[in-house]
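Peer 1: Residue numbers (this note's numbering): 2 to 652. Heads up, the beta-carbon is just placed ideally off N, CA and C, and yes, glycines get one too. Quick one: structure below, then a few questions.
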């Protein structure tokens, strides 16, 4: 099978345009992953580009894994096809009494096929995972050890609080979470503590500046990086040390970036630096689906691509393979209300489909009961196989409470994406802190978390005294235990190490206290061991869990109703989608109503939600809703009014 088979004209064009800057504007459901994977396979298979010289960046580990699997299948499939064709040639040659040497062709192709089967895939992953790989090799030049720890959100917040305490800043007067967000925004704009001082406006930002400087100092003392540092430090190395940048420019001769509309300033600068020499950069994205402005993403990066790369080739992939014509037409009406956007129109050869159902509920409980009854009806009617084919999307996490309550009342299984994260559970954080401290003895945040867990008589005063002296029997015993763990870690797998640490530290006995909650907590640790099974080293395992996201743990085969916010739904699809809470002030959100740019993002969010649906789409709203502790009576969402009446059915 040829790599170009089964591609439409625009997808084929995206694959064949291998040289120079390329912008692929890929509408929802237009097969962008297919185009990307075929493009990479084409570079390797037909253009003879070494996979070592290709960098492919995605926004989730799940997407990276899917791309890896598809590329592997493409390369192996084409190699097998080549063998079959060559064997036929050999047979014909033998019949025609050709020279025996021709039979060597077969063995050569067989060797090539086995090479493809075990082909080294391109550098592939998220921005953060790619940067970690680079930093493990290069960060020593900034005075860090390559064994640095990656702090997650809660670790970072603890260090922010400790930095504030050391500076004598009252956390009741200045919210540590707010300070953390300001520091994160600064890093996404590539502003270090010194540069941040140039942009201070007002007393609060002066406080942020002081905390930022102290926080960065403490991070380095702990040989740790937070999530934002991963990109910021990589860019810092590239800018300060041109010879290192040149090395990676030589390596990354072909660069592909997925979801380019979601890049922030730091990510844009990283890509710009890497692509400067060869300019073989292909970015894929859809400004209509740019919904992460609140995280610092700048959708203008994709709008301005042609300004940054004047010689760029622009390819529009507008054919949708996912949704019905009705859904596509309705979503198109919503997005065309935006002023700041590219000019493209999604279309499909799919069936017309049924009208979009709009349901007005009396309250949030009635809304959810309607959704459940509809799902049951669709299942009985054979429209969907089971509840796994449906999803309920909503604008804010606060809406999930009632959804869960009603589902529990009905005894319906559900999976909630973006709720209390697995890796933030107490028992998981505790075990991971032990492992982080084993890998990095300078990690004071992990040390502070587990030095008295389980209780071993080491209180706050004893811990504070640690900075002065370690001559305390309890402290000495603890550090001897940690030293023994480090020795053991060299000889056993990460999964075995979890068992060993939990047992020898007394944590297992402490957590399994005979209660049902204790058993559930231990089951979570057992699940962590399952995650560790695929890691060959402690460092690899810790890196993997530090970069995991909610969507990476999403199991699309679990037989349960999916609940998630609209932001978490991007990249997914379902036969049936319900968007709940379509009310003014809720969706669009109240904070966006007076801000034109924010309202445009709300429309993009609505567009994303609607285009997740393949066959059926429901938009529901409530006459009255209890949310945020008060009853609200709002008009239905303005988005409903934009959809032409002939595309809807009101219940």
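Would you mind sorting residue 172 into buried or exposed? The rule is 16 or more other CB atoms within 10 Å of its CB.
Peer 2: As a first step, residue 172 must be located in the chain shown, where it is residue number 171. Exposed, since its Cβ has fewer than 16 Cβ neighbours within 10 Å.
Peer 1: Relative to the C-alpha of residue 349, which candidate in 55, 6, 568 and 616 has its C-alpha closest?
Peer 2: Reading the chain shown from its first residue, position 348 is the one you call residue 349. The candidate whose alpha carbon is nearest that of residue 349 is 616.
Peer 1: In whole angstroms, what separates the C-alpha of residue 228 from that of residue 479?
Peer 2: Walking along the chain shown from the start, residue 228 turns up at place 227. Walking along the chain shown from the start, residue 479 turns up at place 478. A straight line joining the alpha-carbon of residue 228 with that of residue 479 spans about 29 Å.
Peer 1: Residue 614 and residue 316 look like a contact to me (Cβ under 8 Å); what is the Cβ gap, rounded to whole Å?
Peer 2: On the chain shown, residue 614 is found 613 positions in, with the first residue counted as 1. On the chain shown, residue 316 is found 315 positions in, with the first residue counted as 1. Wrong, their Cβ atoms sit about 26 Å apart, outside the cutoff.
Peer 1: With 16 other CB atoms within 10 Å as the buried threshold, where does residue 51 fall?
Peer 2: By one-based count along the chain shown, residue 51 stands at place 50. It is exposed - the Cβ of residue 51 has fewer than 16 other Cβ atoms within 10 Å.
Peer 1: Output the distance between the C-alpha atoms of residue 599 and residue 338, rounded to the nearest integer angstrom.
Peer 2: Translated into the one-based positions of the chain shown, residue 599 becomes position 598. Translated into the one-based positions of the chain shown, residue 338 becomes position 337. Using only the alpha carbons, I get a separation of about 13 Å.
Peer 1: Beta carbon of residue 583, beta carbon of residue 536: below 8 Å?
Peer 2: The residue you call residue 583 lines up with position 582 of the chain shown. The residue you call residue 536 lines up with position 535 of the chain shown. No; because the gap between Cβ atoms is not below 8 Å, this pair is not in contact.
Peer 1: Quick one: give me the first and last residue of the beta strand (DSSP E) that residue 48 is part of.
Peer 2: For the purposes of this step, residue 48 is identified with residue 47 of the chain shown, where counting begins at 1. No beta strand (DSSP E) contains residue 48, which DSSP labels as neither H nor E.
Peer 1: How many Å lie between residue 148 and residue 135 at the Cα?
Peer 2: Within the chain shown, numbered from 1, the residue matching residue 148 stands at position 147. Within the chain shown, numbered from 1, the residue matching residue 135 stands at position 134. Cα-Cα distance, rounded: 13 Å.
Peer 1: Could you pull out every unbroken beta strand (DSSP E) segment of at least 3 residues lying fully inside the stretch 253–308, listed in chain order?
Peer 2: 255–258 and 282–286
Peer 1: From the DSSP output, in three-state form, read off residue 576 for me.
Peer 2: Within the chain shown, residue 576 is the residue found at index 575, counting from 1. When DSSP states are grouped into helix, strand and coil, residue 576 belongs to the strand group.
Peer 1: According to the Cβ coordinates, are residue 382 and residue 398 closer than 8 Å?
Peer 2: The sequence position of residue 382 within the chain shown is 381, counting from 1. The sequence position of residue 398 within the chain shown is 397, counting from 1. No; because the gap between Cβ atoms is not below 8 Å, this pair is not in contact.
Peer 1: Do you know how far the Cα of residue 345 is from the Cα of residue 594?
Peer 2: By one-based count along the chain shown, residue 594 stands at place 593. By one-based count along the chain shown, residue 345 stands at place 344. Between the alpha carbons of residue 594 and residue 345 lies a distance of about 26 Å.
Peer 1: Along the alpha helix (DSSP H) that carries residue 418, what are the first and last residues, could you check?
Peer 2: Along the chain shown, read from residue 1 onward, the residue named residue 418 stands at position 417. Run containing residue 418: none; DSSP gives neither H nor E here.
Peer 1: Which one of 603, 652 and 630 has the shortest CA to CA distance from residue 341?
Peer 2: In the chain shown, counting from the first residue as 1, residue 341 sits at position 340. Looking at the Cα atoms, 603 is the closest of the given residues.
Peer 1: Run through DSSP, which three-state label would residue 34 get?
Peer 2: Translated into positions along the chain shown, residue 34 becomes position 33. The answer is helix: DSSP assigns residue 34 an H, G or I state.
Peer 1: Can you find the residues in the same chain that come closer than 7 Å, C-beta to C-beta, to residue 403, ignoring five residues on each side of it along the sequence?
Peer 2: By one-based count along the chain shown, residue 403 stands at place 402. Answer for residue 403: 365, 366 and 369, listed in chain order.
Peer 1: With a threshold of 6 Å on Cβ separation, who are the neighbours of residue 384 within its own chain once the five nearest residues in sequence on each side are excluded?
Peer 2: The count along the chain shown starts at 1 and reaches residue 384 at position 383. Cβ neighbours of residue 384 beyond the five flanking positions: none.
Peer 1: Work out the CA separation of residue 261 and residue 245 for me, nearest whole Å.
Peer 2: For the purposes of this step, residue 245 is taken as residue 244 along the chain shown, with counting starting at 1. For the purposes of this step, residue 261 is taken as residue 260 along the chain shown, with counting starting at 1. Taking the straight line from one Cα to the other gives about 25 Å.
Peer 1: According to DSSP, is residue 247 helix, strand or coil?
Peer 2: Start at 1 with the first residue of the chain shown, and residue 247 comes out as number 246. It is helical.
Peer 1: State the Cα-Cα distance for the pair residue 255 and residue 156, rounded to the nearest angstrom.
Peer 2: Looking up residue 255 in the chain shown gives position 254. Looking up residue 156 in the chain shown gives position 155. Near 36 Å, if we compare the C-alpha coordinates of residue 156 and residue 255.
Peer 1: Quick one: which unbroken alpha helix (DSSP H) runs of 4-plus residues sit fully inside the stretch 316–392? Chain order, please.
Peer 2: 326–336 and 365–381
Peer 1: So, at 8 Å on beta carbons, what are the nonlocal neighbours of residue 423 in its own chain, with the 5 sequence-adjacent residues on each side left out?
Peer 2: Position 422 of the chain shown, counted from the start, is the residue given in the question as residue 423. Exclusion of the five residues before and after residue 423 leaves 429, 525, 528 and 554 as the residues of its chain whose Cβ lies within less than 8 Å of its Cβ.
Peer 1: Out of curiosity, what's the CA-to-CA distance linking residue 400 and residue 415?
Peer 2: The sequence position of residue 400 within the chain shown is 399, counting from 1. The sequence position of residue 415 within the chain shown is 414, counting from 1. The alpha-carbon atoms of residue 400 and residue 415 are separated by roughly 15 Å.
Peer 1: With DSSP as the reference, label residue 1 as helix, strand or coil.
Peer 2: No answer is possible for residue 1: the residues shown for the chain start at 2 and end at 652.
Peer 1: Between the stretch 604–612 and the stretch 325–337, are three or more C-beta pairs nearer than 8 Å?
Peer 2: Touching, per the Cβ criterion.
Peer 1: Could you give the DSSP three-state label for residue 632: helix, strand or coil?
Peer 2: For the purposes of this step, residue 632 is taken as residue 631 along the chain shown, with counting starting at 1. Of the three classes helix, strand and coil, the one that applies to residue 632 here is strand, per DSSP.
Peer 1: In this structure, does DSSP put residue 192 in helix, strand or coil?
Peer 2: Sequence index remark: in the chain shown, residue 192 carries index 191 (1-based). Residue 192 falls in the coil class under three-state DSSP.
Peer 1: Judging by CA-CA distance, which residue of 208, 247, 59 and 391 is the nearest neighbour of residue 580?
Peer 2: For the purposes of this step, residue 580 is identified with residue 579 of the chain shown, where counting begins at 1. When only C-alpha atoms are compared, the closest one is 391.
Peer 1: Please list the segments of the alpha helix (DSSP H) lying wholly inside the stretch 457–525, counting only runs of 4 or more residues, in order along the chain.
Peer 2: 461–466, 474–490, 495–505 and 508–512
Peer 1: Where do the N-terminal and C-terminal ends of the beta strand (DSSP E) with residue 399 fall, by residue?
Peer 2: Indexing the chain shown from 1 puts residue 399 at position 398. That residue, residue 399, is in no beta strand (DSSP E); it is neither H nor E in DSSP.
Peer 1: Among the candidates 532, 503 and 542, whose CA atom is the shortest distance from the CA of residue 523?
Peer 2: Start at 1 with the first residue of the chain shown, and residue 523 comes out as number 522. The residue with the shortest Cα to Cα distance from residue 523 is 503.
Peer 1: Since residue 143 is in the alpha helix (DSSP H), which residue starts that stretch and which ends it?
Peer 2: By one-based count along the chain shown, residue 143 stands at place 142. Counting along the chain, residue 143 falls outside any alpha helix (DSSP H), and DSSP gives it neither H nor E.
Peer 1: Given that a residue counts as buried once 16 or more other Cβ atoms are within 10 Å of its Cβ, and exposed if not, what is residue 295?
Peer 2: The count along the chain shown starts at 1 and reaches residue 295 at position 294. Label assigned to residue 295: exposed.
Peer 1: Thinking C-beta only, is residue 77 closer than 8 Å to residue 42?
Peer 2: Numbered from 1 along the chain shown, position 41 holds the residue referred to as residue 42. Numbered from 1 along the chain shown, position 76 holds the residue referred to as residue 77. For residue 42 and residue 77, no; Cβs fall outside 8 Å.
Peer 1: Evaluate residue 450 with the Cβ neighbour count: other Cβ atoms within 10 Å of its Cβ, from every protein chain shown; 16 or more gives buried, anything less gives exposed.
Peer 2: Locating residue 450 in the chain shown gives position 449, counting from the first residue. With at least 16 other beta carbons inside 10 angstroms of its own, residue 450 counts as buried.
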